[in-house]
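Going line by line, the protein sequences match chains W and B. The working numbering numbers the first residue of the first sequence as 4 and each following residue consecutively. The working numbering numbers the first residue of the second sequence as 76 and each following residue consecutively. Everything below concerns the one structure shown next.
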Amino acid sequence: MASTVDTPASRPEKQYECAARRFLYIWEGPLRIIHWVNFFSIIILSVTGYFIHDPFMSSAQHPYIMGNVRYVHYLFGIIFSVNLLFRIYGFLVGNYFASWRGIPNPFNAKDRKNFWAFIRFYTFTGKETPHLLGHNPVAFCAYTLLFALFILQMLSGFALWAQNDPGSSLYAVTGWIFGLVSNQWVRWFHFLVMFLIGGFVINHIYSVVLFDFKSKSGEVSSIFSGWKPDRRD
Amino acid sequence: MSAFNELLATHGVSRRDFLKYCSTIGAMLALPSTMIPKIAEAIEQDNRPPVIWLEFQDCAGDSEGLLRASRPGVAELVLDHISLDYHETIMAAAGHQAEASKNATVEKYKGQYICIVEGSIPTGAQGAYCTIGGHSAEDILKKVGGDAAVVIAVGSCSAFGGLPAAYPNPTGAKAVRDLLPNKTVINLPGCPMNVDNLTGTIVHYLTFGSAPAMDRFNRPKFAYGKRIHDNCERRSHFDAGQYVENWGDYGHQQGWCLYKMGCKGPETFHNCPTLRWNEGLSWPVMAGHGCAGCSEPGFWDTMMPMYRRLPNVPGFGVEASALNIGTAIVGASAAIFATHGAVTVARNWKNVASAKADLREEIKEHSDDVE
Chain W
4 MASTVDTPAS
14 RPEKQYECAA
24 RRFLYIWEGP
34 LRIIHWVNFF
44 SIIILSVTGY
54 FIHDPFMSSA
64 QHPYIMGNVR
74 YVHYLFGIIF
84 SVNLLFRIYG
94 FLVGNYFASW
104 RGIPNPFNAK
114 DRKNFWAFIR
124 FYTFTGKETP
134 HLLGHNPVAF
144 CAYTLLFALF
154 ILQMLSGFAL
164 WAQNDPGSSL
174 YAVTGWIFGL
184 VSNQWVRWFH
194 FLVMFLIGGF
204 VINHIYSVVL
214 FDFKSKSGEV
224 SSIFSGWKPD
234 RRD
Chain B
76 MSAFNELLAT
86 HGVSRRDFLK
96 YCSTIGAMLA
106 LPSTMIPKIA
116 EAIEQDNRPP
126 VIWLEFQDCA
136 GDSEGLLRAS
146 RPGVAELVLD
156 HISLDYHETI
166 MAAAGHQAEA
176 SKNATVEKYK
186 GQYICIVEGS
196 IPTGAQGAYC
206 TIGGHSAEDI
216 LKKVGGDAAV
226 VIAVGSCSAF
236 GGLPAAYPNP
246 TGAKAVRDLL
256 PNKTVINLPG
266 CPMNVDNLTG
276 TIVHYLTFGS
286 APAMDRFNRP
296 KFAYGKRIHD
306 NCERRSHFDA
316 GQYVENWGDY
326 GHQQGWCLYK
336 MGCKGPETFH
346 NCPTLRWNEG
356 LSWPVMAGHG
366 CAGCSEPGFW
376 DTMMPMYRRL
386 PNVPGFGVEA
396 SALNIGTAIV
406 GASAAIFATH
416 GAVTVARNWK
426 NVASAKADLR
436 EEIKEHSDDV
446 E
């Protein structure tokens, strides 16, 4: 029986060499919850938002379908926005990897070196597979852009919603947008950003899986468990 | 008072009709019924301000709207009664006589008259695109509008530049508010404006001596405070998911929502659904055509294509909708990362092969040990 199960524990005198020196708790609970709330919010907001743009389903079996879909869209718009506020709070007070302290510094030679190492890896021009415990500097740039889009999406969404009552306090807060851009272009932008986020999602999933394979650092499982290996190399 | 009653009589309007009209206006302006006598008094008074109607780059559609004011006959009377001293299209005088009449009013009632402007003001080519009596539209507006008690911009052209200001705006057309930044300008956009909103605005001014509460674009809130969509009689079909899919289809015959036919009701602030047009007879959506969004700033540039929900993407040709561009973005992202993945797999092949060999070696060694 023992011969069929091959584990390092079964033969401590000759272990496989594990790349991980030890495991570190990188992504803390709140951060992982925020990630998954984002995940579900984006999916639900995209589907309901597309439906609002082009109601593709018949009303026959669903009386009041547009009313319900809009309700769900607004509800998840609020959940998504509150989640975004939590993330901003986390950016201020979270651990090193979640907060502003982990931002790569372009004036720091080591951070610059890391950045170019990742650029070389992505463009197949380097032999090394770089590895960092937190966000890699190239991904950090992508996330910065993504969160800028999130904030614009939140603002434009609430502004469009507030138009149903120009006397409301929500409109008082967001109505200035329509002094700058016409509401049709705000709507257009709100729709187009959905596709930009869609393009990012493909990039995100691909890169995470890529690094999971190449750097053997548990990228995929870390967003469920929070743990990542502290590698020897 | 009796003089006014005579005027009513000559127009075949009874005192009762006049008071009914005052109630209607009061309701439109959302005033309590106790204000109705005040409205009647304001309309009847003898020191009503004269009105100068200026026309620039326009189609006279708002003048048409004014001439057809017929609900309930009294509206026309009110507009007559406020002594329309200058209106090129409908005044009897012409040429020097007309100009003299205008100048006399401007001099005599400086700071007291109401200036109504129809049409946009071209500022290109030193104003050569529109001159009247040897003066450019811009000069006339600055002089007549500048000395007015209040300026009312009727129609989308004078309120927001309208058609003349649409891209590429060859005449450098501007809105009244752009040229009179320090003046109270009440915008009554629409193509054309609804004359009931004009009489309402004037009556409000006569009653209170000030402009009605206005929104961010200087539109009176009583007329532009709600979206068409939110007061639309077809709104229940929108919420229920019942849409016209093609002109003349079953839904169109049933009067379902025109959302998928590009109706701009959800983007447009106006009181068309409640006030309607032509004596309250009908309005575009009631007649089976979507709202064109004519009372919104820059509507020619932002509300087109008329039968689509969203504007086309600029710089990508005529038919590039946000959906096409968005699909292309997602497709490009998928293609880029699929290619990257394929290259990675190909480059990794050797590593995987050697890793497998290593593992086989390990397992073999281990089984040997156990045996």
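For each residue, glycine too, the CB sits at the ideal point set by N, CA and C. Every value quoted in this text rests on a predicted model; they were computed, and no experiment measured them.
Inter-segment contact for the segment 258–277 of chain B and the segment 120–133 of chain W is absent: fewer than three beta-carbon pairs are separated by less than 8 Å. Among the residues facing chain B, W/F153 is not included, as its CB has no counterpart in that chain under 8 Å away.
When rounded, the separation of the alpha-carbon atoms in B/Q329 and B/M361 is 11 Å. Where B/K301 is concerned, there is no enclosing beta strand (DSSP E), because DSSP gives it neither an H nor an E. Interface annotation, B/K335: in contact with chain W, CB-CB separation under 8 Å. A distance below 8 Å between beta-carbons, with the five flanking residues on each side excluded, links W/Y28 to the following residues of its chain, in chain order: G229 and W230. The C-beta of B/Y242 has fewer than 16 other C-beta atoms within 10 Å across all chains shown, which makes the residue exposed. Nearest neighbour of B/L129 by Cα position, chosen from B/S442, B/Y382 and B/C190, turns out to be B/C190. Where B/I127 is concerned, the enclosing beta strand (DSSP E) starts and stops at V126 to E130.
Taking the beta carbon of W/P107 as reference, no residue of chain B falls within 7 Å; the closest one sits roughly 22 Å away.
The Cβ atoms of W/H65 and W/I226 do not sit closer than 8 Å to each other.
Taking 8 Å as the CB threshold, B/R294 stays off the interface with chain W.
Approximately 6 Å separates the beta-carbon atoms of B/F344 and B/R302; this is inside 8 Å, confirming the contact. Judged by their CB atoms, B/R294 and B/P264 are nearer to each other than the 8 Å cut-off.
The residue from B/H279, B/T206, B/F313 and B/G136 with its alpha-carbon nearest to that of W/R73 is B/F313. Against chain B, a Cβ distance below 9 Å from W/R25 picks out nothing, because the smallest value is about 23 Å. When B/N423, B/A105 and B/I114 are compared, the shortest CA-CA separation from B/G284 is found for B/I114. Burial is judged here by how many other beta carbons sit within 10 angstroms of a residue's own beta carbon; B/E116 has fewer than 16 and is exposed.
Chain order gives no chain W residues near B/F93, where near means a beta carbon separation below 7 Å; the closest approach is about 32 Å.
For W/G70, the chain B residues whose Cβ falls inside 8 Å of its Cβ are D314 and A315, in order along the chain. No Cβ-Cβ contact shorter than 8 Å links B/V388 with B/I404.
In the three-state reduction of the DSSP assignment, B/T282 falls in the helix class.
DSSP, read as helix, strand or coil, puts W/A23 in strand. Collapsing the DSSP output to three states places W/I106 in coil. In the structure shown, B/N353 adopts coil according to DSSP, grouped into three states. Under the 8 Å criterion on CB atoms, W/W164 is classed as non-interfacial with respect to chain B. For W/P232, no alpha helix (DSSP H) segment is defined; the enclosing uninterrupted segment is the beta strand (DSSP E) at W230 to R234. Not a single C-beta of chain W is nearer than 8 Å to the C-beta of B/Y204.
Cβ atoms of B/S138 and B/T180 stay farther apart than 8 Å, at about 18 Å.
Below the 7 Å Cβ cutoff, chain B contributes R291 as neighbours of W/F181, in chain order. Assignment of B/E193 by DSSP, reduced to helix, strand and coil, places it in the strand class. Separation of W/Y125 and W/N108 (C-alpha to C-alpha, rounded to the nearest whole angstrom) is 20 Å. Remark: C-beta atoms of B/V225 and B/T274 do not approach each other more closely than 8 Å. The beta carbon of W/I47 sits closer than 6 Å to those of F79, all from its chain and outside the five residues before and after it, given in chain order. Annotation note: the segment 246–274 of chain B contains the following uninterrupted alpha helix (DSSP H) runs of length 4 or greater, listed N- to C-terminal: 251–254. A Cβ-Cβ distance of about 5 Å is found for the pair W/I180 and W/A162, placing them in contact under the 8 Å criterion.
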